[in-house]
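First comes the structure, then the notes that go with it.
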Amino acid sequence: MIVLAKIGLGFAGAVALTGAYAFREGVMRVDVDEHRANGEHVHMWMPAAAVPMVLHFVPQRYLQDAGHDARKWMPLAQTVAHELAKLPDSTFVEVKDGEQHVLISTQNGAIKIDVTDPQETVHVACPLSTIEDITVEIAGTRPGA
Amino acid sequence: MIQLKLRRSHNAFKYASLACAAALLMSPLAGRAQTHGDRWLHVRVVSSDAKGETVCVNVPLEMAQMVLPAINQKELHGGKVTIDKFDTNGVDLRALMDAVRKAKDGEFVTVNSKDQDVRVAKQGGYLVVHVTDNSGHIHHHLNKDANKDVDKKQDQNAGSTKDAAATNVATNVSHVEVKIPLAVVDALFSAGNDELDLVAGLRALSAQGDTELVSVKDEENTVRVWVDSKNTNGPEGATR
Chain R
5 MIVLAKIGLG FAGAVALTGA YAFREGVMRV DVDEHRANGE HVHMWMPAAA VPMVLHFVPQ
65 RYLQDAGHDA RKWMPLAQTV AHELAKLPDS TFVEVKDGEQ HVLISTQNGA IKIDVTDPQE
125 TVHVACPLST IEDITVEIAG TRPGA
Chain U
16 MIQLKLRRSH NAFKYASLAC AAALLMSPLA GRAQTHGDRW LHVRVVSSDA KGETVCVNVP
76 LEMAQMVLPA INQKELHGGK VTIDKFDTNG VDLRALMDAV RKAKDGEFVT VNSKDQDVRV
136 AKQGGYLVVH VTDNSGHIHH HLNKDANKDV DKKQDQNAGS TKDAAATNVA TNVSHVEVKI
196 PLAVVDALFS AGNDELDLVA GLRALSAQGD TELVSVKDEE NTVRVWVDSK NTNGPEGATR
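For the protein sequence lines, the chains are R and U, in the order given.
For the first sequence, the residue numbers in the numbering used here are 5 to 149.
For the second sequence, the residue numbers in the numbering used here are 16 to 255.
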């Protein structure tokens, strides 16, 4: 009985530690809700720390294709993410047009994009540190490597 | 005697430890205070249509200074923009700005016509441009009075011109006010002959106090561009 309890405790501890490690950089969140009949509802929550790790396992040729046009903007995105991380929580862009509302802000070290529209609602949140890691990863992908 | 020395030394160590702990505790606050000292460029566009479209943009100047050099597209490179193809109709802008800098405060250009009033002046280190366009007028005489009211109110308080703006909206008068610190203009022209140094301009702008740079009011939109140390676009955000 005690052996089982010890195994259970060890397992729970391992799960807790893995969870804490995976979520140490926060959560990358994408929520899309279309307000119509048979509309799409996408809700994706992913540990931000997992994204750069996953990128390591993506074959180079796919990263090269994806980053072909985007690569020249990666240093810019990296600088923006790095500088935004230094600032307190702020709203950078806010657009209100009737029932439409667009908000780009930072909150707790993550950039948030919120779009509220009578047709659909989109909420995206991504930790700035993750954006920095991804830009480094893509910028470092050498053509022909 | 030795015990007394040891006790004194122990006390000194205790106070030093306390001071270090206090400094460590306060260090994040110091960093936070420095962050709040950043200067922000704000843009607000409020449309007077039925939907009441509002656009608010807040840009930290320090971030803009870091980001601009990373953009190398067409005329923009290394934080500078090339203006070699910029048509100035033969006017040497650099010489013109040099002359303005050396001149005393006063009005340089005043044009009063039926449709437009234009005023270009140098005031307390600022280049000030006022344009009042009456071309879409409904009640011309009323417009003139309304604009005088706008000027008076803006002199008293730049932010309390809502009534005057409402008058403008009702009478189809557009009012443009541009106020640029000369230090910023100097910094912009500090690059080569055919370049504007945007980063130097932003740096100079950061060094300025709270400034309202552009104010445009017409029957369709109200536009405001200003710099301050707040990271919000007014106390009520976009609804202001």
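In this text, a Cβ means the ideal position worked out from N, Cα and C, and glycines have one as well.
Interface residues of chain U facing residue 87/R [CB-CB closer than 7 Å]: Indexing the first sequence from 1 puts residue 87/R at position 83. Near residue 87/R (Cβ distances below 7 Å), the residues of chain U are 78, 81 and 82.
Kindly indicate which three-state DSSP category residue 247/U falls into: helix, strand or coil? Taking the first residue of the second sequence as 1, we reach residue 247/U at position 232. Residue state, collapsed to three classes: coil.
Using a C-beta cutoff of 8 Å, does residue 96/R count as contacting chain U? Start at 1 with the first residue of the first sequence, and residue 96/R comes out as number 92. Residue 96/R counts as touching chain U.
Unbroken alpha helix (DSSP H) run spanning residue 109/U, endpoints: Here residue 109/U is taken as the residue at index 94 of the second sequence, counted from 1. Per DSSP, residue 109/U belongs to the alpha helix (DSSP H) from 108–117.
Could you tell me whether the Cβ of residue 72/U comes closer than 8 Å to any Cβ of chain R? Residue mapping note: residue 72/U aligns to position 57 of the second sequence, counting from 1. At a cut-off of 8 Å between beta-carbon atoms, residue 72/U makes contact with chain R.
Flag this pair as yes or no: are the beta carbons of residue 121/U and residue 110/U separated by less than 8 Å? The count along the second sequence starts at 1 and reaches residue 121/U at position 106. The count along the second sequence starts at 1 and reaches residue 110/U at position 95. In this structure, residue 121/U lies away from residue 110/U, with their beta-carbon atoms at least 8 Å apart.
Reference residue 63/U; option with closest CA among 208/U, 233/U and 95/U: Taking the first residue of the second sequence as position 1, residue 63/U is located at position 48. Residue nearest to residue 63/U within the set 208/U, 233/U and 95/U is 233/U (criterion: CA-CA distance).
Where the alpha helix (DSSP H) through residue 123/U begins and ends: As a working note, residue 123/U is residue 108 in the second sequence. Here residue 123/U belongs to no alpha helix (DSSP H); instead the beta strand (DSSP E) covers 121–127.
How many Å lie between residue 236/U and residue 132/R at the Cα? The count along the second sequence starts at 1 and reaches residue 236/U at position 221. The count along the first sequence starts at 1 and reaches residue 132/R at position 128. Cα to Cα, the separation comes out at about 35 Å.
Any beta carbon of chain U sitting closer than 8 Å to that of residue 63/R? Your numbering for residue 63/R matches position 59 in the first sequence. With 8 Å as the cut-off, residue 63/R does not count as an interface residue toward chain U.
Spatial distance of residue 139/R from residue 75/R (CA atoms): The count along the first sequence starts at 1 and reaches residue 139/R at position 135. The count along the first sequence starts at 1 and reaches residue 75/R at position 71. Those two C-alpha atoms are separated by around 8 Å.
Alpha carbon to alpha carbon, how far is residue 62/R from residue 27/R? Residue 62/R sits at position 58 when you count from the first residue of the first sequence. Residue 27/R sits at position 23 when you count from the first residue of the first sequence. Using only the alpha carbons, I get a separation of about 21 Å.
List the residues that DSSP assigns as beta-bridge partners of residue 131/U. Stepping through the second sequence from its first residue, residue 131/U is reached at position 116. DSSP, once it has assigned bridges, lists 148/U as partnering residue 131/U.
Could you work out which residues of chain R lie near residue 248/U, taking near to mean beta carbons separated by less than 9 Å? By one-based count along the second sequence, residue 248/U stands at place 233. The answer, in chain order, is 95 and 98.
Residue range of the beta strand (DSSP E) that includes residue 57/U: What you label residue 57/U is simply residue 42 of the second sequence in a count that begins at 1. It spans 55–62 - the beta strand (DSSP E) in which residue 57/U sits, taken as one unbroken run.
8 Å contact criterion, which residue 242/U and residue 54/U should meet: CB distance rounded: On the second sequence, residue 242/U is found 227 positions in, with the first residue counted as 1. On the second sequence, residue 54/U is found 39 positions in, with the first residue counted as 1. Residue 54/U and residue 242/U do touch by the CB rule: their CB atoms are close to 6 Å apart, below 8 Å.
Assigned secondary structure, residue 133/R (DSSP; H/G/I helix, E/B strand, else coil): Looking up residue 133/R in the first sequence gives position 129. Of the three classes helix, strand and coil, the one that applies to residue 133/R here is helix, per DSSP.
Report the neighbours of residue 80/R on chain U: residues whose CB is nearer than 8 Å to its CB, in chain order. Walking along the first sequence from the start, residue 80/R turns up at place 76. Residues of chain U whose Cβ lies closer than 8 Å to the Cβ of residue 80/R are, in chain order, 82, 85 and 86.
Residue from 99/R, 85/R, 33/R and 51/R whose Cα sits closest to the Cα of residue 70/U: Numbered from its first residue, the second sequence carries residue 70/U at position 55. Put simply, of 99/R, 85/R, 33/R and 51/R the residue whose alpha carbon is nearest the alpha carbon of residue 70/U is 99/R.
Contact set between the region 60–71 of chain U and chain R, restricted to residues whose Cβ is under 7 Å from the partner: So the list reads 66, 68, 69, 70 and 71, given in the order they occur along the chain.
Is there a Cβ of chain U sitting closer than 8 Å to that of residue 84/R, yes or no? Against the first sequence, residue 84/R aligns to sequence position 80. With 8 Å as the cut-off, residue 84/R counts as an interface residue toward chain U.
I'd like the list of long-range same chain contacts for residue 223/U, defined as Cβ closer than 6 Å, with 5 residues on each side in sequence excluded. Position 208 of the second sequence, counted from the start, is the residue given in the question as residue 223/U. If we look at residue 223/U and ignore the five residues flanking it on each side, its Cβ neighbours are 196.
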